[in-house]
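Participant: Sending over a structure as structure tokens; questions will come in a sec.
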Amino acid sequence: MEIYFANEQISWLFLIIPIILAFDIYVYFQKRKRLHRVFNRQSVSKLLPSFSPAARRAKKIFFYIALILFILALMQPKWGKNIIKVEQKGIDIMFLIDVSNSMTAEDIKPNRLAKARMQIASFLEKLKGDRVGLSAFAGSTFTLCPLTADYKAVRLFLDHLNPGIIRRQGTRIGTALKNARERFKRYNSKSKAVILLTDGEDHGTMPLVEAEHCRQDDIIIFCIGLGKREGEPIPVKEKGTTVDYLKDKHGKVVMSKLDEFTLQQIAEKTGGEYYYSQFGDFELEHIYNQLQSMEKEKLGVKSIENYKNRYHIFILLGIIFFLFSVFLPERKSVLWSRIKDRVKNKLQEKVNEN
Numbered sequence: 048m049e050i051y052f053a054n055e056q057i058s059w060l061f062l063i064i065p066i067i068l069a070f071d072i073y074v075y076f077q078k079r080k081r082l083h084r085v086f087n088r089q090s091v092s093k094l095l096p097s098f099s100p101a102a103r104r105a106k107k108i109f110f111y112i113a114l115i116l117f118i119l120a121l122m123q124p125k126w127g128k129n130i131i132k133v134e135q136k137g138i139d140i141m142f143l144i145d146v147s148n149s150m151t152a153e154d155i156k157p158n159r160l161a162k163a164r165m166q167i168a169s170f171l172e173k174l175k176g177d178r179v180g181l182s183a184f185a186g187s188t189f190t191l192c193p194l195t196a197d198y199k200a201v202r203l204f205l206d207h208l209n210p211g212i213i214r215r216q217g218t219r220i221g222t223a224l225k226n227a228r229e230r231f232k233r234y235n236s237k238s239k240a241v242i243l244l245t246d247g248e249d250h251g252t253m254p255l256v257e258a259e260h261c262r263q264d265d266i267i268i269f270c271i272g273l274g275k276r277e278g279e280p281i282p283v284k285e286k287g288t289t290v291d292y293l294k295d296k297h298g299k300v301v302m303s304k305l306d307e308f309t310l311q312q313i314a315e316k317t318g319g320e321y322y323y324s325q326f327g328d329f330e331l332e333h334i335y336n337q338l339q340s341m342e343k344e345k346l347g348v349k350s351i352e353n354y355k356n357r358y359h360i361f362i363l364l365g366i367i368f369f370l371f372s373v374f375l376p377e378r379k380s381v382l383w384s385r386i387k388d389r390v391k392n393k394l395q396e397k398v399n400e401n
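Here the sequence shown is numbered in our numbering, starting from 48 and rising by one per residue.
In structure tokens:
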């Protein structure tokens with residue numbers, strides 16, 4: 048039988064038990080030491096004839112068992128699987144993220160690319176049932192993750208996004224949109240959306256023409272512009288430290304400016320929206336709300352294995368042992384003492400008869 052703990056990280060609470068035990072032992076010996084300074088052992092037995100050391104030890108054992116059971120309950124033990132089949136409904140969403148060198152500009156902290164990654168990660172946490180794909184583009188386009196409902200896989204690829212993932216530099220938005228359109232066709236998608244995150248400086252790929260093709264295929268494009276409108280130099284780094292800024296062949300510092308006009312036209316052509324990226328994740332919050340109004344199609348049936356919660360068993364047992372530790376008397380039972388004395392007397396009588 049496989050046991051799974053949903054809250055395994057709090058197992059450090061078991062370290063409290065030896066600390067409490069050590070304190071208990073210390074207090075016990077201190078009390079015993081003080082008592083024996085005044086009375087010897089025989090005197091103590093005569094003064095406390097009904098006291099039962101065994102009962103006291105049992106109370107302590109029950110207390111520690113209850114403590115262990117309560118900690119196990121907090122760790123949320125689970126065993127026994129339930130297989131639930133869930134019908135998945137949603138839309139298909141392709142994220143297109145610009146990884147060109149201009150996305151390393153630091154007009155958005157820590158930089159444009161890091162901001163885009165954080166926004167997508169936040170967006171993934173809201174989704175339920177929708178399929179998501181991830182493509183990176185610069186001078187060419189590379190699909191990192193095809194459409195999937197496995198958001199952990201998308202997050203894994205997202206965490207490893209960096210400008211070096213595509214060697215060919217440039218910003219070819221039109222090529223990225225074409226790649227997304229072809230991806231949707233492979234999956235025969237009905238409800239389709241593209242979320243494009245870029246600084247918008249396209250290098251001659253006619254993105255508006257490709258946006259028109261997307262409109263014809265019923266693909267809605269949402270654009271998020273990253274960077275200052277007035278422009279920002281592109282840092283050149285060595286070992287994580289900025290040592291210079293990118294320069295053109297004339298030695299002039301290259302300024303990467305946000306091309307909002309192109310991004311606005313792309314979005315409007317397909318019935319989407321353009322958003323200027325600012326602090327927080329408000330842009331994707333608005334996009335998410337708009338996507339919820341789209342018709343959701345059946346994307347298949349997913350089997351989910353759920354472990355059954357068993358923490359209540361440990362709580363119940365813990366309460367029982369705790370009550371024993373509180374209410375178990377430390378005095379010897381009068382009835383039990385009488386029974387023992389009677390048995391002892393009977394045995395003595397038989398010995399005397401013999």
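C-beta atoms are modelled at their ideal positions from N, C-alpha and C, and glycine is treated no differently.
1) Between which two residues does the beta strand (DSSP E) harbouring R178 extend?
2) Which term fits Q77, buried or exposed, when burial requires 16 or more other beta carbons within 10 angstroms of its beta carbon?
3) Put R389 into one of helix, strand or coil per three-state DSSP.
4) Assess contact between the region 259 to 267 and the region 226 to 237, defined as three or more Cβ pairs (one per stretch) separated by less than 8 Å. Is contact present?
5) Between S372 and the rest of its own chain, which residues show a CB-CB distance below 7 Å, the 5 nearest in sequence each way excluded?
6) Take F361 as the anchor and find which of W126, S99, A101 and L68 has the nearest alpha-carbon.
7) Pull up the distance between the alpha-carbon of G211 and that of S58, whole angstroms please.
8) For F142, list the residues DSSP reports as bridge partners.
9) Work out the CA separation of E344 and S238 for me, nearest whole Å.
10) Which value, in whole angstroms, describes the spacing of the CA atoms of D249 and F52?
11) L160 by DSSP, collapsed to three states: which one?
12) Report yes if the CB atom of V179 is closer than 9 Å to the CB atom of L160, and no otherwise.
13) May I ask you to check if the CB of D249 is nearer than 8 Å to at least one heavy atom of the ligand GDP?
14) Where do the N-terminal and C-terminal ends of the alpha helix (DSSP H) with Y234 fall, by residue?
15) Going by other Cβ atoms of all chains shown within 10 Å of its Cβ, with 16 needed for buried, is S18 buried or exposed?
16) Hey, G186 and G137 are a contact pair by Cβ (cut 8 Å); roughly how many whole angstroms apart?
17) Thinking C-beta only, is G274 closer than 9 Å to S149?
18) So L243 and L143 are in contact, right, with Cβ under 8 Å, and what is the actual spacing, rounded?
19) Leaving out five residues on either side along the sequence, give the residues of the same chain with a beta carbon under 8 Å from the beta carbon of K162.
20) Return the residue from the list P124, I140, L255 and R357 that minimises the CA-CA distance to D197.
Facilitator: Taking the geometry as given:
1) Segment R178 to F184, the beta strand (DSSP E) holding R178.
2) exposed
3) helix
4) The region 259 to 267, when compared against the region 226 to 237, does touch it at the 8 Å Cβ threshold.
5) K106, F109, F110 and A113
6) Put simply, of W126, S99, A101 and L68 the residue whose alpha carbon is nearest the alpha carbon of F361 is W126.
7) If you take the alpha carbons of G211 and S58, they lie about 41 Å apart.
8) L181 and I242
9) 7 Å
10) 50 Å
11) Helix.
12) no
13) You won't find the ligand GDP in this model; it holds no ligand whatsoever.
14) Unbroken run through Y234: none, as it is neither H nor E.
15) Coverage of the chain is limited to positions 48 through 401, which leaves residue 18 absent and any answer about it impossible.
16) About 32 Å; that fails the 8 Å criterion.
17) yes
18) Yes, L243 and L143 are in contact; Cβ-Cβ is about 5 Å, under 8 Å.
19) Taking C-beta separations shorter than 8 Å and ignoring five residues to either side along the sequence, the partners of K162 in its chain run I155, K156, L273 and S324, following chain order.
20) Out of P124, I140, L255 and R357, the CA that lies nearest to the CA of D197 is found in I140.
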